[in-house]
């Protein structure tokens, strides 16, 4: 990726992260949430914080005439707008072009350099489409890296939305951090019930309560998925223990442990077959894979039918070299999915 390195030296600074192996690409955080959840209000608070002083902001407008971007108070002209459609439907055009244009504008010193990007989606967006594009569009994959999903929920309405709105369910299932907004308008019991409902769908997501006039929880500024630090990923997997949370009426979790290693080709081929059959109800898959002839673990991630490239991890979280996969399923039998995975990967039942 020599071209990428030269471009960074020419004007785009590397992302801020510790250690000699820090990834130099620009982190892209997805800010999502159902209609009326409070995304733009939170976005304004985030971009006024010094942590986002060097961020570019992309606002996705659903209608032909955008409004939300006029409400974003962000300096230096680093606000881009994608109008005319939901970002998950126009992602291969509008988002790719916008991220490419921002990079080139900064490279030519036409806007100030930026270290991170914050994308505010529409309330009906599926964040998985953005993740897919960042991984598979070559220009973007060399220069940008997925920095996690921050999902905003209205604590007064999220319980019903998780039952009635597939988009809200997907947004919570993919969240690394959940901002519990409108808490000042809800009672303590409603807030507790909303947080429990979120945990039933995604027990591993960090939950932060947001109130006007109260300093933002610093965890809202770091939604990077736990995939590069073994300890953090181990805690993520542990959150899906059977007793970790109650049960959502439509969502089931299953953790599949496979003792035998599997070849890289067999995993990619077999898992792709499983996703093709069960993709409609597979909200998310994430975990560690023990590959044949490879010492350390690899991180696997899938959403619906999209299986993303395996990423190496430095060490096993608990020192136990074993494939462990978490599945978040909607109206699917966990045992049936687990059996299909074992069969596809040639693992004993």
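Numbering (this note's numbering), first residue to last: -10 to 338.
Backbone N, C-alpha and C define an ideal beta-carbon position, used for all residues, glycine too.
Beta-ladder partner(s) of residue i, from DSSP
i, result
"residue 18", "107"
"residue 45", "106"
"residue 318", "241 and 271"
"residue 312", "247"
"residue 196", "167"
"residue 296", "291"
"residue 301", "287"
Environment of residue i [buried if 16+ CB atoms lie within 10 Å]
i, result
"residue 191", "buried"
"residue 49", "buried"
"residue 21", "buried"
"residue 66", "Unreliable placement is indicated for residue 66, whose pLDDT of 48 sits below 50; no coordinate value is reported for it."
"residue 120", "buried"
"residue 109", "buried"
"residue 266", "exposed"
"residue 105", "buried"
"residue 112", "buried"
"residue 177", "exposed"
"residue 32", "buried"
"residue 332", "exposed"
"residue 200", "exposed"
"residue 338", "exposed"
"residue 152", "exposed"
"residue 308", "exposed"
"residue 258", "exposed"
Closest residue to residue i among the options (Cα-Cα distance)
i, options, result
"residue 160", "95, 24, 16 and 134", "24"
"residue 323", "26, 195, 240 and 139", "240"
"residue 173", "203, 305 and 91", "203"
"residue 93", "11, 177, 122 and 132", "132"
"residue 249", "261, 305 and 313", "313"
"residue 144", "273, 175 and 279", "175"
"residue 252", "284, 115, 270 and 263", "284"
"residue 341", "273, 274, 260 and 310", "Any question about residue 341 goes unanswered here, given that the chain covers just -10 to 338."
"residue 320", "270, 293 and 255", "270"
"residue 292", "153, 260, 304 and 154", "260"
"residue 256", "279, 272 and 273", "279"
"residue 317", "193, 304, 303 and 305", "193"
"residue 146", "116, 26 and 162", "26"
"residue 168", "91, 189 and 139", "139"
"residue 181", "154, 155 and 148", "148"
"residue 315", "188, 325, 91 and 275", "275"
Own chain residues within Cβ distance below 7 Å of residue i, not counting five before or after
i, result
"residue 128", "89"
"residue 327", "243 and 245"
"residue 208", "166, 195 and 197"
"residue 232", "Confidence is the limiting factor: at residue 232 the pLDDT is only 46, short of 50, which leaves the residue's position unreliable and the question unanswerable from this model."
"residue 150", "23 and 157"
"residue 336", "247 and 249"
"residue 14", "4, 132, 133 and 134"
"residue 130", "123 and 124"
"residue 171", "27, 143, 144 and 145"
"residue 273", "162, 163, 292 and 317"
"residue 295", "117 and 121"
"residue 179", "144 and 145"
Sequence-distant residues of the same chain with beta carbon closer than 6 Å to residue i, five excluded per side
i, result
"residue 297", "124 and 290"
"residue 85", "126"
"residue 136", "16, 17, 18 and 213"
"residue 263", "329, 330 and 333"
"residue 325", "none"
"residue 268", "293 and 294"
Proximal residues to residue i (C-beta, below 8 Å), its chain only, five neighbours per side dropped
i, result
"residue 38", "205 and 210"
"residue 41", "35, 105, 107 and 210"
"residue 76", "Interpretation of residue 76 is limited by its pLDDT of 40, a score under 50 that renders its predicted location unreliable; no figure is taken from the coordinates."
CB contact check: residue i to chain B, cutoff 7 Å
i, result
"residue 177", "Judged by its chain identifiers, the structure shown contains no chain B, having just a single protein chain."
Any non-hydrogen atom of the ligand SAH closer than 6 Å to residue i Cβ
i, result
"residue 263", "Absence of the ligand SAH from the depicted structure is noted, as is the absence of any ligand whatsoever, leaving it without description."
Which runs of the beta strand (DSSP E) at least 3 residues long sit entirely within the region 131 to 174? Give them in chain order. 133 to 143 and 166 to 170
Report the residue ranges of all beta strand (DSSP E) runs contained in full by the region 260 to 290; include only those spanning at least 3 residues, in chain order. 271 to 278
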